[in-house]
Amino acid sequence: METAGSQRGAQEYPHPFIHEVKLSRAQTIRGVILGSVLVPLRITLAALFFLIMWPIARLRLAGLSKEERARPVTGWRRWLFHPIIWLLSRAVFFSMGFLWVRVKGRRADLKEAPVLVVAPHSGFLDMLVLCPTQLATVVSRSENTSLPVIGALLEFNQSVLVSRKDPESRKKAVTELIERLTSKGYWPQMLMFPEGTTTNGRALIKFKPGAFLAGVPVQPVLLRYPNKLDTVRWTYKGASWTEAVWHTASQFYTNMTVEFLPVYKPSEEEKQDPNLYADNVQRLMAKALGIPATDYVMEGKFPVSKLGGLSLPLVSPSRETLSLLQKAGLQKHEIEAALARMIDRCQSGVQRAKVSADELSSILSLKDRQTAVSIWGLYSKDETVDLRQLYFSVSLLTNSHNFTELIHAAFTIFDQEGKGSLNAEELSDLMGALLSIPQHSTGALYAEASSLGLLTEENLLRLLTTHPTYGRLLNDLLQPEEAGSPHAPPANGKAVNNNRFTHIINGSLHHVKKFE
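Laid out in structure tokens, this is it:
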């Protein structure tokens, strides 16, 4: 049944970062009636159990020095407080409607597998898996330590903490993680969600290598929610965490199945290559779940697919930008005029290419500032947006320039010293502008484009238009919006019209030949 449901979901959603709870009229009415009674009751009970846990969790490490806290808790502090917190944790989920959890297979002991890898990751309610795993140690964002109750529980758990904003924190966390996993039983068993973010469970996204860096055996753990209504998932788009809580708490009960697969022992090759190790475990778990293993990943705030080391956005900022501009009433000639103003700013230097939401509103000649804010939010992770990303990614879709002209303009702007070639960092910035999201793995592209010497405009154009992988990338960029997300099968099984792509490829090749 779950496999069939997964297949239906794969057809229904363009990628695994979207999930919506679809209710019939009868289910909606039933949810409102039951929810008005069950939700406040269950939230109150869960909050009560959390409040009881709060001081008890703090007591476990109370009075210990910094050096003592850096070692695993043993003795009376463990046998006294551990079962209390376990019982209260189970009570929280019981109060939310998880009346029982079906466990399949056998959990490996610490010496067999120092780490449990759990997938798919659907939302915060997945933390129920900590109960059948005896509150295994987790990895969490350091920012969570400031949250009431959660911070105390992370301290109790002696979690490995990492700040996503601080590269040094990541290095320290990796060192600590490897130290714990290779401690030969000194530290407790760890539990990690290798996907690193939540999905709709219709496919496994690419596993991050963290759990596999130490090269120790892992035990794959599968999570399933065999319910008529899929309410627990909280994803990039679609159902919010509040909706997940409401819909889940509105049910009489929610089923969860935890399946422990046999321990996976890495080969020598996998020990030397954590990414290979992660990919092989991902495929094994996907096969057991009956769902696809994909290269989808969440980079920053962008869900992407990987192609030739490059990141392709699954939700295209440039397409959404064009849609927002059209909804704001801008005609084609007005969009082209705005693009002309952008390129003028870009040619004046990097600093003038960075603009605020208000400046962007002026450049786009928008009457509604909110539209500019929405567009700014598609591209920006700080207080400014880089017009180079906005200009080149949108220009690819407007037909205002052919691909050859666009590459020439981009090459000229990113060749800041006017030396006629790009270095690796400049190529990364250029590809980030074309693809509308930052690129962090352009090494392979740079190596191929500069294999005959310097990375010149001619060499880059030749590679992007003739290479089988990067030619496919260009095809994806220029597909009509209705064709779906990158690498998705054509809608309704029909072939996508690639006339525009073929025309551009031919034109680009002609341009390259003129250089020879």
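When you line the sequence shown up against numbering that gives the first Met the number 0, it's residues 0 to 515, in that order.
Even glycine gets a Cβ: it sits at the ideal position worked out from N, Cα and C.
Could you give the first and the last residue of the continuous alpha helix (DSSP H) run that contains LYS65?
Along the sequence shown, read from residue 1 onward, the residue named residue 65 stands at position 66. Counting along the chain, LYS65 sits inside the alpha helix (DSSP H) bounded by residues 65 to 68.
Please classify ASN491 as buried or exposed, where buried requires at least 16 other C-beta atoms within 10 Å of its C-beta.
Start at 1 with the first residue of the sequence shown, and residue 491 comes out as number 492. Any reading at ASN491 must be qualified, since the residue scores a pLDDT of 35, below 50, and its modelled position is unreliable; the value itself is stated next. When all chains shown are included, ASN491 counts as exposed.
Which residues in the same chain have their Cβ closer than 6 Å to the Cβ of HIS246, if we skip the five residues on either side of it in sequence?
Counting from one through the sequence shown, the residue named residue 246 turns up at place 247. Contacts found: VAL20, THR230.
Among GLU268, LEU153, PRO437, ILE83, which residue has its Cα nearest to the Cα of GLU142?
If you number the sequence shown from 1, residue 142 lands on position 143. Ranking GLU268, LEU153, PRO437, ILE83 by Cα distance to GLU142 puts LEU153 first.
Given THR320 as reference, the closest of SER373, GLU67, VAL257 once Cα atoms are compared
Along the sequence shown, read from residue 1 onward, the residue named residue 320 stands at position 321. Cα-wise, what sits closest to THR320 is SER373.
For THR136, the three-state DSSP class (helix, strand or coil):
In the sequence shown, the residue the question calls residue 136 occupies position 137. Reduced to three states, the DSSP call for THR136 is strand.
Would you call PRO147 buried or exposed, if buried means 16 or more other Cβ atoms sit within 10 Å of its Cβ?
Counting from 1 along the sequence shown, the entry for residue 147 is found at position 148. Exposed is the call here.
Give me, in chain order, the residues of the same chain whose beta-carbon lies closer than 8 Å to that of ARG344; leave out the 5 immediate sequence neighbours on both sides.
Reading the sequence shown from its first residue, position 345 is the one you call residue 344. Hits under 8 Å: ARG351, ALA352, VAL354, ILE362, LEU386.
With distances taken between CB atoms, is the gap from TYR390 to ILE342 smaller than 7 Å?
The count along the sequence shown starts at 1 and reaches residue 390 at position 391. The count along the sequence shown starts at 1 and reaches residue 342 at position 343. Yes, these two residues count as a Cβ contact at 7 Å.
Apart from the five residues on each side of it in sequence, which residues of its chain come closer than 7 Å, Cβ to Cβ, to ALA45?
As a working mapping, residue 45 is identified with position 46 in the sequence shown. Answer for ALA45: VAL91, SER94, MET95, listed in chain order.
Secondary structure at TYR263, three-state DSSP: helix, strand or coil?
For the purposes of this step, residue 263 is taken as residue 264 along the sequence shown, with counting starting at 1. DSSP places TYR263 in strand when its eight states are reduced to three.
Could you give the uninterrupted runs of the alpha helix (DSSP H) lying entirely in the region 190 to 266, keeping only those of 4 residues or more?
240 to 248
Specify whether the region 282 to 301 and the region 123 to 140 touch according to this definition: at least 3 beta carbon pairs, one from each stretch, less than 8 Å apart.
no
Report yes if the CB atom of ARG232 is closer than 7 Å to the CB atom of THR256, and no otherwise.
Locating residue 232 in the sequence shown gives position 233, counting from the first residue. Locating residue 256 in the sequence shown gives position 257, counting from the first residue. It is not a contact, given that the beta carbons lie outside the stated cut-off.
Just tell me which of LEU221, GLY74, VAL114 has its CA closest to the CA of THR136.
Working through the sequence shown from its first residue, we reach residue 136 at position 137. Comparing Cα positions, the closest option is VAL114.
Considering only the alpha carbon of each residue, which of THR73, LYS227, GLU175, VAL215 lies closest to GLN271?
Position 272 of the sequence shown, counting from 1, holds the residue named residue 271. Considering only alpha carbons, the answer is VAL215.
Can you give me the Cβ contacts of ALA238 inside the same chain, cut-off strictly under 7 Å, excluding the 5 residues immediately before and after it?
For the purposes of this step, residue 238 is taken as residue 239 along the sequence shown, with counting starting at 1. Once the five neighbours on either side are set aside, the close Cβ partners of ALA238 are HIS18, GLU19, VAL20, ARG232.
Could you say if the region 59 to 73 and the region 114 to 123 meet the contact criterion of at least three C-beta pairs nearer than 8 Å?
Verdict: no, contact absent.
Counting only the same chain and skipping the five closest in sequence on each side, list residues whose C-beta sits under 6 Å from that of PHE211.
Looking up residue 211 in the sequence shown gives position 212. The residues are PRO273, TYR276, ALA277.
Taking the straight line between their C-alpha atoms, what separation do you get for SER249 and GLN218?
In the sequence shown, the residue the question calls residue 249 occupies position 250. In the sequence shown, the residue the question calls residue 218 occupies position 219. About 33 Å.
Extent of the continuous alpha helix (DSSP H) run through PRO302:
Here the question's residue 302 lines up with position 303 in the sequence shown. Note, PRO302: premise wrong, no alpha helix (DSSP H); beta strand (DSSP E) at 301 to 306.
Reducing DSSP to helix, strand and coil, say where MET297 ends up.
As a position in the sequence shown, residue 297 is number 298, starting the count at 1. MET297 falls in the strand class under three-state DSSP.
The alpha helix (DSSP H) with SER360 in it runs from where to where?
What you label residue 360 is simply residue 361 of the sequence shown in a count that begins at 1. Looking at the DSSP string, the run of the alpha helix (DSSP H) that includes SER360 is 356 to 362.
What would DSSP say about HIS557, mapped onto helix, strand or coil?
Residue 557 lies beyond the residue range present for the chain, which begins at 0 and ends at 515; the question has no answer from this structure.
Spell out whether any CB of chain D is found under 7 Å from the CB atom of GLY122.
Among the protein chains of the structure shown there is no chain D, as only one such chain exists.
ILE436 (DSSP reduced to helix, strand or coil)
The residue labelled residue 436 in the question sits at position 437 within the sequence shown. The three-state reading of DSSP puts ILE436 in coil, since its state is none of H, G, I, E or B.
Please tell me whether THR253 and ASN226 are closer than 7 Å, where the distance is taken between their beta carbons.
Counted from its first residue, the sequence shown places residue 253 at position 254. Counted from its first residue, the sequence shown places residue 226 at position 227. In this structure, ASN226 lies closer than 7 Å to THR253 by Cβ.
Could you pull the start and end residues of the beta strand (DSSP E) that LYS103 belongs to?
Here residue 103 refers to the residue found at position 104 of the sequence shown. Per DSSP, LYS103 belongs to the beta strand (DSSP E) from 100 to 103.
Simplified DSSP assignment, three categories, for SER420
Taking the sequence shown and counting its residues from 1, the one referred to as residue 420 is at position 421. It is coil, neither helix nor strand.
Report yes if the CB atom of PHE521 is closer than 7 Å to the CB atom of ARG59, and no otherwise.
The question about residue 521 has no answer, for the chain in this structure spans 0 to 515.
Which whole-angstrom value is the C-beta distance of LEU426 and LEU454, which I expect to be below 8 Å?
Here residue 426 corresponds to residue number 427 of the sequence shown, with the count starting at 1. Here residue 454 corresponds to residue number 455 of the sequence shown, with the count starting at 1. The Cβ separation is near 6 Å, so the contact holds.
Below 7 Å between beta carbons: does that hold for SER435 and SER392?
For the purposes of this step, residue 435 is taken as the residue at position 436 of the sequence shown. For the purposes of this step, residue 392 is taken as the residue at position 393 of the sequence shown. If you check the CB distance, SER435 and SER392 come in under 7 Å.
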